[in-house]
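>
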Amino acid sequence: MKRFFLPLLSLAVSCTALFGQDLPAAIQTMKTSYAASGSIVMLDNSTISIQPHMPAPVCALPRNENGKTTWSFYNFPLASIRVSLTEVDETLILEDRVFTDPDADKSYKPGDLGDMTMVVVSSRPGKQFHTLIYDLEKFQHLSPGPHSSSDYGQAPDDTEAFGLIFPDPAAAHSFERALRQAVVLARAQAAAEPAHP
357 MKRFFLPLLS LAVSCTALFG QDLPAAIQTM KTSYAASGSI VMLDNSTISI QPHMPAPVCA
417 LPRNENGKTT WSFYNFPLAS IRVSLTEVDE TLILEDRVFT DPDADKSYKP GDLGDMTMVV
477 VSSRPGKQFH TLIYDLEKFQ HLSPGPHSSS DYGQAPDDTE AFGLIFPDPA AAHSFERALR
537 QAVVLARAQA AAEPAHP
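Count along the sequence shown starting at 1, add 356, and that's the number in our numbering.
In structure tokens form, the structure reads like this:
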């Protein structure tokens with residue numbers, strides 16, 4: 357039994373090194389893809405902070421139901437989202453083309469494509485993302501100049517899902533692929549690490 361210990365240990369070390377190299381590359385791809393919409397900071401080897409540009413747009417999403425167009429409106433007034441990659445459900449990363457024109461529901465014609473892509477990220481069952489939200493109306497009525505977070509009602513909140521907005525659909529696709537890869541790598545890395553007593 358002892359003769360297998362060193363090869364297995366060597367394999368575990370090499371796997372951890374491989375995960376460690378690929379994960380920062382996936383995070384870098386996410387950063388690059390998201391640059392037009394906000395910033396991403398790697399907090400540790402499995403946690404990132406996403407900081408969207410403020411204010412967040414109101415997104416209108418059309419649906420065709422029985423030949424009639426219905427609309428859903430979404431807003432994600434998030435100052436930051438702390439994302440533990442191991443807690444993301446990579447099977448529930450979804451995207452939709454959305455409209456940010458406030459009059460989109462009046463001018464829309466069937467077949468029109470939205471001007472933005474919304475990527476929705478969900479947590480695994482029983483997990484939540486820690487966020488800082490703000491009051492969009494307060495933020496939009498701020499006078500020019502520096503302001504404290506209390507001026508626009510920033511407060512902590514927890515959520516099971518959040519949406520990110522991308523002006524470029526190709527950037528949204530790239531972000532999705534990199535996020536899925538990062539989630540799988542972070543989970544594999546966590547499984548390869550020795551358990552702490």
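Quick reminder that beta carbons are idealized off the backbone N, C-alpha and C, glycines included.
Nothing here was measured: the structure is a model prediction, and the numbers come from that model.
Under a Cβ-count criterion, where at least 16 other Cβ atoms within 10 Å of its own Cβ denotes burial, should S397 be classed as buried or exposed?
Counting from 1 along the sequence shown, the entry for residue 397 is found at position 41. At residue 397 the sequence reads Val, which differs from the Ser that was named. Counting Cβ neighbours within 10 Å, V397 comes out exposed, since fewer than 16 surround it.
> Mind reading off the beta-carbon distance from S405 to S436? Whole number of angstroms is fine, and I expect it under 8 Å.
The residue given as residue 405 occupies position 49 in the sequence shown. The residue given as residue 436 occupies position 80 in the sequence shown. Rounded, the Cβ-Cβ distance is 6 Å, consistent with contact.
> Please classify T447: is it buried, with 16 or more other beta-carbons within 10 angstroms of its beta-carbon, or exposed?
Within the sequence shown, residue 447 is the residue found at index 91, counting from 1. Exposed is the call here.
> According to the Cβ coordinates, are G519 and Y464 closer than 8 Å?
As a working note, residue 519 is residue 163 in the sequence shown. As a working note, residue 464 is residue 108 in the sequence shown. Not a contact, by the Cβ cut-off of 8 Å.
> Please classify S479: does DSSP put it in a helix, a strand, or coil?
Along the sequence shown, read from residue 1 onward, the residue named residue 479 stands at position 123. In this structure, S479 counts as strand in the three-state DSSP scheme.
> Given this structure, state the Cα-to-Cα distance separating S395 from Q384, to the nearest angstrom.
Numbered from its first residue, the sequence shown carries residue 395 at position 39. Numbered from its first residue, the sequence shown carries residue 384 at position 28. About 11 Å.
> Under 8 Å, with one C-beta from each stretch per pair, do the segment 514 to 528 and the segment 470 to 480 reach the 3-pair mark?
yes
> Tell me the rounded alpha-carbon separation between A546 and T456.
Within the sequence shown, the letter at position 190 stands for residue 546. Within the sequence shown, the letter at position 100 stands for residue 456. Their backbone Cα atoms lie some 39 Å apart in a straight line.
> Is A546 a contact residue of the ligand HEM, with contact defined as CB to any heavy atom under 7 Å?
Absence of the ligand HEM is noted for the structure shown, with no ligands found whatsoever.
> Going by beta carbon distance, what residues of the same chain come within less than 6 Å of Q407, once the five residues before and after it are set aside?
Along the sequence shown, read from residue 1 onward, the residue named residue 407 stands at position 51. The residues are G394, S395, S436.
> Just the Cα atoms here: how many angstroms apart are T515 and S479?
Residue 515 sits at position 159 when you count from the first residue of the sequence shown. Residue 479 sits at position 123 when you count from the first residue of the sequence shown. T515 and S479: Cα-Cα distance of roughly 9 Å.
> Assign S402 to buried or exposed, taking buried as 16 or more other Cβ atoms, counted over all protein chains shown, within 10 Å of its Cβ.
As a working note, residue 402 is residue 46 in the sequence shown. With 16 or more other Cβ atoms inside 10 Å of its own Cβ, S402 counts as buried.
> Where are the beta strand (DSSP E) runs, 3 residues long or more, that stay fully inside the segment 481 to 540, in chain order?
485 to 489, 511 to 515, 517 to 522
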